[in-house]
Every structure is written in C-alpha cells, then in structure tokens.
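Residue numbers (the working numbering): 9 to 103.
See below:
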C-alpha cells in the first residue's frame, strides 16, 4: 500500500515536469499509469461499469484517463490526442 502511494506521489511530480515541458502525450501515459496504480490500492476504486468504459475509451483512441469526483457523482476524463470522433462515438454507447 505504501509503495503504491509513493508511486502515485512520484507520478504527480513527474506530471508537473512533463506538462511544464509541453510533453502532452506523456501526460496521457501518466494518466494510465496512475489509474493502474490507484486501482491496486483497493477493489473499491473502480467497478465493472467504470472498467468497461475505461477499456472502451482506450480501445478507441484514449491514451489514459482518470476518475474525477467521488461518491458516485464523478466522471471519467480521458486524454485522446487523435481520433476524438472515434472516442466520442464509442462513448455514446452509454448515452
């Protein structure tokens, strides 16, 4: 648990550095890495629906994503540098 929390902190510091250098695509990679590490903290971080939406987004152009908000009232944010219309179309499945 502690190792995962340290990794999340490290990802946060590195995110700042790459954004300051305008390396935006690396930001997407870090979002994905953060998601994987965070999911390892607890089985309650995600659920089957969120996992399905996240994987659908990744298969349709998103490099990474993040759950924002809590208590069932949040949303998923994705970084998608290309094929945005493909991602938007895929997400309409849950409209």
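Glycine residues also receive a C-beta, built at the ideal position from the N, C-alpha and C atoms.
Distance, residue j Cα to residue i Cα
i          : j          : result
residue 27 : residue 33 : 9 Å
residue 67 : residue 83 : 18 Å
Residue i, buried or exposed, once every other Cβ within 10 Å from all chains shown has been counted against 16
i           : result
residue 161 : Given that the chain is displayed from residue 9 to residue 103, the structure contains no residue 161 and the question cannot be resolved.
residue 61  : buried
residue 57  : exposed
residue 95  : buried
Cβ neighbours of residue i in the same chain (closer than 6 Å, five flanking residues each side left out)
i          : result
residue 12 : 45, 48, 49
residue 23 : 38
Cβ neighbours of residue i in the same chain (closer than 7 Å, five flanking residues each side left out)
i          : result
residue 37 : 71, 72
Residue j beta carbon less than 9 Å from that of residue i
i          : j           : result
residue 42 : residue 16  : yes
residue 69 : residue 100 : no
residue 86 : residue 65  : yes
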